[in-house]
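S.K.: Just dropping this structure here.
Residue numbers (this note's numbering): 472 to 684.
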């Protein structure tokens, strides 16, 4: 019994640390994504000293600038980051996804994002990954967002019907439609003034002149 309890202590501590430092909810006895959660905590521990010294820039201007640099639809990356992490740079998910764009350790490594909690490189990595999905799915925003969440291999011409991804896509697109910039309204065409019809009746009746003589 004592051995079993001792074996549970590291598991509980890992999950409690993810919940505390990652500002998320994780069941203390969760056995899911243990390697990913341990990786995320190690990455956070490496990041924390620089964060305490330098702080973080405001994320919204950074996100919008990154959107422009990667030619993303204005407002799409901003909506995605809002749904992923509530725009919190230190968020860790119950699956071990990290940072503002919630990059999994394998995805962060693939994108060469060394510090997924540092907003500038992390958001740039998320933008590049999203741009890749938009190119893969020929500009289809719905499928690109689904691929960002579920992985491109799980998106075969439609959003995976697993509940979680469907809810995620709907939430991102709803926020995107609500917040994306709208083009200015077109000015109303100038109305042409109609020419008045020429009346056959003289404007002033002729004046009777007295006859001579």
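Positions of the beta carbon are idealized from the N, C-alpha and C atoms, including for glycine.
On a CA-only basis, which of 655, 636, 577 and 476 is nearest residue 554? Give me that one, please.
M.R.: 636
S.K.: Pick helix, strand or coil for residue 417, following the three-state DSSP scheme.
M.R.: Outside the shown range of the chain, which is 472 to 684, sits residue 417, and nothing can be said about it.
S.K.: With 16 other CB atoms within 10 Å as the buried threshold, where does residue 518 fall?
M.R.: buried
S.K.: Could you work out which residue in 589, 538, 565 and 515 is closest to residue 490 when comparing CA atoms only?
M.R.: 565
S.K.: Apart from the five residues just before and just after residue 605, which ones in its own chain have a Cβ nearer than 6 Å to its Cβ?
M.R.: 615
S.K.: Are at least three pairs of beta-carbons, each pair with one atom in the region 578-588 and one in the region 530-545, less than 8 Å apart?
M.R.: no
S.K.: Throw me the rounded Cβ distance for the residue 610 and residue 574 pair, which I believe falls under 8 Å.
M.R.: With a Cβ gap of about 23 Å, residue 610 and residue 574 do not count as contacting.
S.K.: Does DSSP put residue 485 in a helix, in a strand, or in coil?
M.R.: helix
S.K.: In the DSSP output, which residue or residues are listed as bridge partners for residue 574?
M.R.: Answer is 569, bridged to residue 574.
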